[in-house]
Every structure is written in C-alpha cells, then in structure tokens.
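K.L.:
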Amino acid sequence: TLVVLVACAAPPVISTTTPQALVQTVVAPASPIPSPTASATQTSNPTPTNQPSPIPTPQRLILWAVGVESQREQLVHFLEETGRMSGIDLLVVAKTPDALSADLVAGSIAGLDPPDIIWGGADDLFILHRAGMLQSATDQLPTANLLPATISGATADGARWGTPIAARGFLLLLYNRKIVQAAPNTTDELLSEARRFNGGGRTGLVAGWVEMRWLEAWLHGFGGSSLASDGSPMLDTPELISALDLLKNLRRTGPPPPSTYAEGARLFRDGKAAFAIDGEWSLRMYRAYSETLELGYAPLPIVSASGRPAIGPLEGVYLMYGAQLRGEQLANAQKLAAILSQPQGQERIARELGYLPALSTMLASAAVQNDPALAAAAISAPHATGITPSLAQRCVWEAGEALLPALLLGESEPAKVAANLQERANICLA
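Per our numbering, the very first residue in the sequence shown carries number 674; after that it's consecutive.
1. State yes or no: is the C-beta of Q808 within less than 8 Å of the C-beta of A996?
2. Could you please give the first and the last residue of the uninterrupted beta strand (DSSP E) stretch that includes M993?
3. Apart from the five residues just before and just after P974, which ones in its own chain have a Cβ nearer than 8 Å to its Cβ?
4. Go ahead and pull the three-state DSSP assignment for V749.
5. For M758 and L777, what's the separation of their Cα atoms in angstroms?
6. Could you say which of I824, G780, E754 and Q744 lies nearest to S1033 if we only look at CA atoms?
7. From this set, K921, A916 and A775, which residue's C-alpha is nearest A978's C-alpha?
8. Have a look at K1089 and D909 and give me their C-alpha separation to the nearest angstrom.
9. Could you please give the first and the last residue of the uninterrupted alpha helix (DSSP H) stretch that includes L920?
10. Per the contact definition of three or more C-beta pairs closer than 8 Å, is the region 791–803 in contact with the region 822–841?
11. Between which two residues does the beta strand (DSSP E) carrying F948 extend?
12. Is it buried or exposed, V739, if we count other Cβ atoms within 10 angstroms and call 16 or more buried?
13. Need the endpoints of the beta strand (DSSP E) that W1070 sits in, please.
14. Between A1091 and A1103, what straight-line distance do the alpha-carbon atoms span, to the nearest angstrom?
15. My parser needs the alpha helix (DSSP H) runs of 4 or more residues fully inside the region 849–876; what are they?
16. Measuring straight from C-alpha to C-alpha, what distance separates Q788 and E953?
17. Tell me, please, which residues DSSP counts as bridged to L819.
18. Three or more C-beta pairs closer than 8 Å, one from the region 954–971 and one from the region 891–906: is that the case here?
19. For E1096, I'd like the list of residues in its chain whose CB is within less than 6 Å of its CB, leaving aside the five on either flank, ordered along the chain.
20. Report, in whole angstroms, the separation of the C-beta atoms of L1094 and R924, which I expect to be a contact under 8 Å.
21. Can you find a CB in chain C that lies within less than 8 Å of the CB of Q854?
22. Let me make sure I understand the geometry here. Which of L1003, A971, P1045 and Q1042 has the alpha-carbon closest to that of Y848?
23. Kindly indicate which residue of D786, V741 and V749 has the alpha-carbon position closest to the one of A772.
24. Out of A1051, V883, Q813 and R957, state which residue places its alpha-carbon closest to the alpha-carbon of S932.
25. Using the Cα positions of L1009 and F870, report the straight-line distance between them to the nearest angstrom.
26. Considering I790, what are the terminal residues of the beta strand (DSSP E) in which it resides?
27. Who are the near neighbours of Y934 in its chain, counting only those whose CB is closer than 6 Å to its CB and skipping five residues on each side?
28. Which partner residues does V766 have in the DSSP bridge list?
29. Please report the Cβ distance between L736 and W792, rounded to the nearest whole angstrom; I am assuming they are in contact, meaning their Cβ atoms lie under 8 Å.
30. For L785, report the span of its alpha helix (DSSP H) as first-last.
31. Output needed for A946: all residues of its chain with C-beta closer than 6 Å, excluding positions within five of it in sequence on either side, in chain order.
32. What's the C-alpha gap between Q1002 and D797?
33. Measure the CB-CB distance between A1065 and S905 and report whether it falls below 8 Å.
34. Taking buried to mean at least 16 other C-beta atoms within 10 Å of its own C-beta, is E1084 buried or exposed?
35. Where P702 and G760 are concerned, what is the direct C-alpha to C-alpha distance, given to the nearest angstrom?
36. Rounded to whole angstroms, what's the CA-CA distance from A775 to N1005? Just pull it up for me.
Encoded structure:
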C-alpha cells in the first residue's frame, strides 16, 4: 500500500536535535569614501557617481517530495512547474517513503541542513513531528473549507503541523465489467455476488485482508472507531466485533488462504476476480491491463446490518515547514502553499496527480467528476476519518496486522481477537 506504517513496537529512531541551518549573512556594501581633493585650489565639487544598490538574490527553497516510485517524475514535474509559475526558486528532491527516515538521520549526522519544506503524507508528518523538525503551519486556511480527514491527520499537541494540500489512499470497490455489470450497493449484495463468482477458476472478492486500513472501513460502517475521544486505542468494542465478523464472512468469498494482498491484486488484474477492494495507489497498475480488466469504480458498500456506508480512512497530503525556516524563505514557502490551496491549484492536483483536493468545495469540480475513481471517492470523502499523527494510531494498525491472520485462518473468534487487539495496542503504546 501507499502508506508505510511505522511499527509501533519499535518506532523510528531519529535524532530530535534539529541540525543548525547555515546562516547566510548579507553585508551591505559600505558607502563609497570620496577620494582626497587633488589640490587645495580645486573649487568645483566632484561629480557624484550613482551606484545602484545591489538587488538581493532570492534564496532557493529545498523541497523534499515524498511519493511512491511510480509517481516520482510526475510529482517532481508538478512541483517544479508550480514553483516556476509562482516565481519561487525551488529545488525539488524526490524521496521514497522508506528513504525519508534514513536520509534525515544521515543528514543530521553529517551536519547538513534539513529540507526547507516537505511534501508528504501522514506517516511523513508523524516522523518529522516526533523528531522536532517541523514548525506549526500558519497558513490561516479556514478549517471549515477543508476535508476533516486532512485536519485530523495533521493535528497534534494542539497545533496543525502542515498545510493540507490533498487527500489520497482512499479505498474503492472495484469490479471487472467483463464479469459483472454493476457494483453491489450493500454488503449483503456484495456477499451474494462474490459467492456467485467464487469457483470455476475465478475468485469473488480480493482485498487486503489482514491490514487495518480495510478493517477500519467496516468498523466505520458499524459506527465505530479504533481510537477513543482522548486518542487512546479503542478496540475491544461491539462495533469492532461486528466488523471482524463481517470481515471473516467476506474473506470466505476470496482465494483459499493463505493469500497475500499482492496475490489478490494479481488475480483481479488478470481477470480472475470479479471484485477488489483496493486503494488509489493501485489504479495506475490496474489500468495497464485493459486486455483482461475493464475497470468499474464504486464507493464501498453500505453495511447491511447498520445502514451506514463503509468508508476507509483518508491520508492527507501536506506541505510541511522545517523548524529552521524563517524570514523570506518562510514567506515563500507559505506563498507556495497558498497557491496549491487555491481552486486552480487544487484542480491541477486532481487532474495531474489523481488525488482528491483538500478543499471540500472542489469535490464537485470537473477535474474530480470527470475522473470515475475520484468521483466515486468524493461521495464518501467528507465523512472519512484521517490517519492521525499519533503513536496510538500506529499501535492500533500494527496490532491488527499481527492478529488478524488468526481470525481469518479460523484460529480465533471475533470477540477474542478484539480483546487481543486491545491488549496488544495498549502494550505497544506503553
């Protein structure tokens, strides 16, 4: 998946000392000293020489753009073009999510300056905030105009640590139009349809069965949450037990266990699965297989037992500001964020990068509605939860990925798994 979660049992070890930025002192040239008079008899004043004041060169901003390898060139081009259009001297350096922590540690050891600004997601913000390498965002964007998931995904310790630019990581119900004509509207319909196509060399449904992102969607459909109002893990609940039971029933319509997420994606890609619950990060790969796959897009179904829609969490994409940023450079970074946050910038993000705009008013824009995947995601985006920059969030997801296999292999029942999830998340957090 696009999001690389930090295992909370061993959080990343990053130096909390922010490397000192190089201080560039610009000394104004001294006023020219008039030369002594050539002779005492000189009666005319010397003709003054007009020397124009030097124009200070704008300082270059170093931007680290964190994204998946397959989108590296596209992301760099997008940001470089935005910098040129804005008149901002911007050096964009592409980074993969896995390389971010290592590069920050290496730079700190070598005494190098950290990046001025970072384009990245929820886990990048989590890492940088914990390392003390960010300053809070002072973009003054109206919170009411932004997707709630992008706000919660950047808020910690009473402050917001990045400017919300977009939302990604949304889950969709994908279906192969060569096999089925339309997407089911409810979980009961999905179960029925998936069972009908399960067999004869085909699979009904594939998904990331043992990953918490998928389980969070069903939990949302039962009206539950994996975090309590105080931010602590909240897993041993009736809502989660119901979500686990639904997950177990859905799993029976998939390929025989054990089967990995990658194997399921391959089955759907090759035209051997009718349905897939997958995220926006996989769409580029699926779209390359037109010979075996004619993609249909739909929001996740309504949970029949509750009447609520299943909605997966959204990951915010942020422009984050280095703790050392000051003066003109900070002003230019904020200018860049303001441009990306305006409707024109938001429309470019949807059209060129395939992300949902962070501005909720832009969900009805042509760039979103003309893209079937974004249009389907936009239906539930205003109600989605975010991926918070907290250790508790990562402890919950780590616990799920460790314990869900026991449920799906028939080794433990939902109530027992829910209790074990709570215990493991608490230990991780402690």
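For glycine and all other residues, C-beta sits at the position ideal for the given N, C-alpha and C.
P.N.:
On the basis of the data shown:
1. yes
2. E988 to G995
3. L846, A856, P857, N858, T859, T860, E862, L863, P982 and A983
4. helix
5. 29 Å
6. I824
7. A916
8. 9 Å
9. P911 to R924
10. yes
11. A946 to G952
12. buried
13. Here W1070 belongs to no beta strand (DSSP E); instead the alpha helix (DSSP H) covers L1064 to L1081.
14. 18 Å
15. 860–869
16. Contrary to the premise, residue 788 reads as Pro rather than Gln in this sequence. Whole-angstrom Cα-Cα distance: 28 Å.
17. L1032
18. no
19. none
20. Not really, about 17 Å apart at Cβ, beyond 8 Å.
21. No chain C appears in this structure, which consists of one protein chain only.
22. A971
23. V741
24. V883
25. 50 Å
26. I790 to G793
27. G881
28. W737
29. 6 Å
30. First-last for L785: undefined, no H or E at that position.
31. T876, V879 and L940
32. 21 Å
33. yes
34. exposed
35. In this predicted model, P702 has a pLDDT of only 33, less than 50, meaning its place in the structure is not dependable enough to derive any value.
36. 27 Å
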